[in-house]
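Letter by letter, the sequence shown follows residues 1 to 293 of the UniProt record's numbering.
Yeah, the Cβ is synthetic: ideal placement off N, Cα and C, and Gly gets one too.
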Amino acid sequence: MENVLAVLNLGDFAQMFSKMGMFPVFDLAYYIVSILYLKYEPGSVEVSRRSPVASWLCAMLYCFGSYILADIMLGSSPVDYFQYNSHILLASAVWYLIFYCPLNLFYKCVAFLPVKLVLVALKEVVRTRKIAAGVHHAHHAYHHGYFIMVIVGYVKGSGVALISNFEQLLRGVWRPETNEILNMSFPTKASLYGAILFTLQEAHWLPVSKSTLILVFTLFMATTKVVMTARHSHGSPFSLVESWICHLLFGSPLGGGEEDNHHPPAAAAPSSPLKSREELSEGTRKRKAKKAE
Numbered sequence: 001m002e003n004v005l006a007v008l009n010l011g012d013f014a015q016m017f018s019k020m021g022m023f024p025v026f027d028l029a030y031y032i033v034s035i036l037y038l039k040y041e042p043g044s045v046e047v048s049r050r051s052p053v054a055s056w057l058c059a060m061l062y063c064f065g066s067y068i069l070a071d072i073m074l075g076s077s078p079v080d081y082f083q084y085n086s087h088i089l090l091a092s093a094v095w096y097l098i099f100y101c102p103l104n105l106f107y108k109c110v111a112f113l114p115v116k117l118v119l120v121a122l123k124e125v126v127r128t129r130k131i132a133a134g135v136h137h138a139h140h141a142y143h144h145g146y147f148i149m150v151i152v153g154y155v156k157g158s159g160v161a162l163i164s165n166f167e168q169l170l171r172g173v174w175r176p177e178t179n180e181i182l183n184m185s186f187p188t189k190a191s192l193y194g195a196i197l198f199t200l201q202e203a204h205w206l207p208v209s210k211s212t213l214i215l216v217f218t219l220f221m222a223t224t225k226v227v228m229t230a231r232h233s234h235g236s237p238f239s240l241v242e243s244w245i246c247h248l249l250f251g252s253p254l255g256g257g258e259e260d261n262h263h264p265p266a267a268a269a270p271s272s273p274l275k276s277r278e279e280l281s282e283g284t285r286k287r288k289a290k291k292a293e
């Protein structure tokens with residue numbers, strides 16, 4: 001990998017990319033997409049009218065849930081991240097604009113597909129950095145705790161999905177069938193695989209620099225998520241390989257997953273466990289948009 005990048009003269013670019021600051025542009029995109037998915041959730045608009053405090057707390061969980069869960073796992077205070085006032089204020093401003101902007105103008109702008117695709121790509125840049133930072137942080141705390149590195153990196157990349165049931169309780173909703181451990185969406189699976197890769201790199205078992213791995217994994221995540229969002233696809237590029245591996249190792253039945261994800265029956269679409277939480281509710285949210293306005 002390093003030789004290929006050297007030939008393409010991308011080594012310096014990978015180094016600069018890995019050191020590029022995330023605040024405010026990339027973090028802003030992360031907050032917008034996260035809270036946009038919150039607005040797609042059933043009942044979120046009603047909660048924002050009935051209890052703005054509960055709505056704000058849900059939005060903060062969507063934006064900072066991964067940090068909160070990782071801090072709890074590493075023995076730190078779960079409110080540590082709230083000391084960064086600029087991040088909290090920026091996320092709060094995004095929450096207010098998405099839920100309370102007159103005529104829903106801000107929501108309509110960021111939900112416009114070309115704009116949304118750019119924001120989704122920027123969000124995946126932040127996700128990759130969070131996975132790498134989680135593994136690095138765990139490496140310092142537990143130098144040879146490779147499983148801990150994987151778990152913390154995984155949580156940093158998909159923390160909000162892992163605590164989704166708790167967030168649902170704040171909105172007065174209980175949907176245990178959306179448990180992300182039982183039914184992993186593509187971002188959750190990719191966060192797990194990314195955490196494994198960054199752990200192998202941190203342990204020097206993967207012959208590639210961290211900056212190169214960050215660049216390559218970011219390109220994969222951003223490209224895949226943009227294509228899936230543009231196609232309104234609920235599938236996963238891992239489905240075919242996973243089905244064969246599960247059949248080989250665990251005797252799970254082959255087939256069904258890939259086609260069902262891309263072409264779900266109309267009646268079963270709202271409750272398909274193979275979709276991510278935001279994908280499950282996006283259609284419902286859009287159908288109710290006019291009434292909410």
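Assign residue i to one of three DSSP states: helix, strand, or coil.
i: Ala141; result: helix
i: Ala203; result: coil
i: Phe112; result: coil
i: Asn104; result: helix
i: Phe220; result: helix
i: Tyr62; result: helix
i: His247; result: helix
i: Glu46; result: helix
i: Ile98; result: helix
i: His232; result: coil
i: Ile163; result: coil
i: Met149; result: helix
i: Glu41; result: coil
i: Tyr154; result: helix
i: Leu10; result: coil
i: Tyr31; result: helix
Using the rule of at least 16 other Cβ atoms within 10 Å of the residue's Cβ for burial, across every protein chain shown, is residue i buried or exposed?
i: Leu36; result: buried
i: Lys19; result: exposed
i: Arg49; result: exposed
i: Thr223; result: exposed
i: Leu202; result: A quick correction: the sequence has Glu, not Leu, at residue 202. The residue in question, Glu202, is buried, as its Cβ has 16 or more Cβ neighbours within 10 Å.
i: Phe23; result: exposed
i: Trp205; result: exposed
i: Gly157; result: buried
i: Ala14; result: buried
Next on the checklist: With three or more beta-carbon pairs closer than 8 Å as the criterion, would you say the stretch 153-168 touches the stretch 208-220?
Outcome noted: As far as the Cβ criterion goes, the stretch 153-168 does not touch the stretch 208-220, which means the pair count is below three.
Item to check | the stretch 59-78 contacting the stretch 126-140, beta-carbon criterion three pairs below 8 Å | outcome: As far as the Cβ criterion goes, the stretch 59-78 touches the stretch 126-140, which means the pair count is three or higher.
Next on the checklist: Between the stretch 92-103 and the stretch 188-208, can you find at least three pairs of beta-carbon atoms closer than 8 Å?
Outcome noted: Contact check between the stretch 188-208 and the stretch 92-103: fewer than three CB pairs, one atom from each, fall below 8 Å, which does not count as touching.
Checklist entry - Which runs of the beta strand (DSSP E) fall wholly inside the stretch 172-197 and span at least 3 residues, in chain order? => result The stretch 172-197 contains no complete beta strand (DSSP E) run of 3 or more residues.
Checklist entry - With contact counted as at least three CB pairs below 8 Å, one residue from each stretch, are the stretch 224-238 and the stretch 115-125 in contact? => result Flag = yes, the stretch 224-238 and the stretch 115-125 touch.
Checklist entry - Is the stretch 23-32 touching the stretch 83-92 in the sense that three or more CB pairs, one from each, lie closer than 8 Å? => result Segments in contact, yes.
Checklist entry - Does the stretch 37-47 come within contact of the stretch 169-180, defined as at least 3 CB pairs closer than 8 Å? => result By the Cβ criterion, the stretch 37-47 is in contact with the stretch 169-180, since at least three pairs of Cβ atoms, one from each stretch, lie closer than 8 Å.
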